[in-house]
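These notes concern the structure reproduced below.
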Amino acid sequence: MFINKPDNNKYRNKKSKKKPQYSLIDLNRQLRQLNNLLTSSDVLYNDLKKLTNEEKKFINDSWLAFMNLHPTKIVKSFLRFLQENPEYKRFFESVNDIPLEVLQYDVRVPKHVTAVLLYLNSMVYCMEDPYAMFFLSLQVGMIHNNMDLTAEDINLFNKYLLKIFEDELDLSEEGISVWNKVLDIFMYVFYIGMEIK
5 MFINKPDNNK YRNKKSKKKP QYSLIDLNRQ LRQLNNLLTS SDVLYNDLKK
55 LTNEEKKFIN DSWLAFMNLH PTKIVKSFLR FLQENPEYKR FFESVNDIPL
105 EVLQYDVRVP KHVTAVLLYL NSMVYCMEDP YAMFFLSLQV GMIHNNMDLT
155 AEDINLFNKY LLKIFEDELD LSEEGISVWN KVLDIFMYVF YIGMEIK
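Every letter in the sequence shown is one number past the one before it in my numbering, and letter 22, counting from 1, is 26.
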């Protein structure tokens, strides 16, 4: 029945048998990244444990209030950030090619705002599950690793988020302080993910 059975080995690519070549520099970089990942997982876990139940409740309640704002208000806040900081438009790949003066009319802006909100929403609801938060934040950071963002860029965006929360939710100094602490936790692993090449 199987008279002319083909020789599968005959058609294999000879190059596939070669083992990948890594330089010592590549291996050292990968070891550093692995060490950073292991350390950041522990740091994230410990930082989340330091949050009090009152702080977690405040974050959940204020986030719920923020998400109940009219979507137009949230999109306008994002537009205001880009208008006040036009040099940061390049970090938002989906809207980078849109001129500032027509940004408010483009459908890609609400789409990008939705993506940012979904990330933050997931992080808020992962506060009781540090490992889920770790992998989510790491993944989103890795998606952004080709954008040359610095810790300073992330801090600026965090400050702007705090300003939006303060303006839209009438947060007290204490409320701003809690959100600042939580955003630092959220963005710590995000930044580690961005460094993975």
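Note that beta-carbon positions come from the ideal geometry of N, C-alpha and C, so glycine has one too.
C-alpha gap between residue i and residue j, whole angstroms
| i | j | result |
| --- | --- | --- |
| lysine 98 | leucine 28 | Before going further, note that residue 98 is serine rather than lysine in the sequence given. Distance between the alpha carbons of serine 98 and leucine 28: 37 Å. |
| valine 117 | isoleucine 200 | 25 Å |
| leucine 55 | methionine 137 | 15 Å |
| serine 126 | leucine 160 | 21 Å |
| leucine 175 | phenylalanine 139 | 30 Å |
| glutamate 58 | serine 66 | 12 Å |
| aspartate 110 | asparagine 89 | 18 Å |
| arginine 33 | alanine 155 | 19 Å |
| phenylalanine 96 | alanine 69 | 26 Å |
| tyrosine 135 | glutamate 91 | 34 Å |
| glutamate 71 | asparagine 50 | Note that residue 71 corresponds to methionine in the displayed sequence, not to glutamate. Spanning the two alpha carbons is a distance of roughly 28 Å. |
| aspartate 152 | serine 141 | 17 Å |
| leucine 122 | aspartate 30 | 34 Å |
Start-to-end residues for the alpha helix (DSSP H) that takes in residue i
| i | result |
| --- | --- |
| proline 103 | It is not in any alpha helix (DSSP H) - proline 103 carries neither H nor E in the DSSP assignment. |
| lysine 167 | 155 to 173 |
| serine 126 | 112 to 129 |
| leucine 73 | Neither: leucine 73 is in no alpha helix (DSSP H) and is coded neither H nor E. |
| lysine 93 | That residue, lysine 93, is in no alpha helix (DSSP H); it is neither H nor E in DSSP. |
| isoleucine 189 | 177 to 198 |
| serine 98 | That residue, serine 98, is in no alpha helix (DSSP H); it is neither H nor E in DSSP. |
| asparagine 50 | 28 to 54 |
| leucine 107 | Per DSSP, leucine 107 belongs to no alpha helix (DSSP H) and is neither H nor E. |
| methionine 137 | 134 to 147 |
Proximity below 8 Å, CB of residue i to CB of residue j
| i | j | result |
| --- | --- | --- |
| glutamate 172 | lysine 61 | no |
| leucine 52 | isoleucine 189 | yes |
| leucine 86 | leucine 104 | yes |
| tyrosine 195 | leucine 48 | no |
| arginine 94 | isoleucine 102 | no |
| aspartate 197 | valine 120 | Reading off the sequence shown, one finds glycine at residue 197, where the question assumed aspartate. Not in contact: glycine 197 and valine 120 (Cβ atoms no closer than 8 Å). |
| isoleucine 63 | valine 106 | no |
Cβ separation of residue i and residue j, assumed to be a contact under 8 Å, to the nearest whole Å
| i | j | result |
| --- | --- | --- |
| asparagine 162 | leucine 187 | 5 Å |
Neighbour flag for residue i against chain C, beta carbons, 8 Å
| i | result |
| --- | --- |
| valine 106 | Of the protein chains in this structure there is only one, and it is not chain C. |
Is there contact between the stretch 70 to 84 and the stretch 165 to 183, where contact requires at least three CB pairs shorter than 8 Å? yes
At least 3 beta-carbon pairs within less than 8 Å: the stretch 37 to 50 vs the stretch 178 to 187: no
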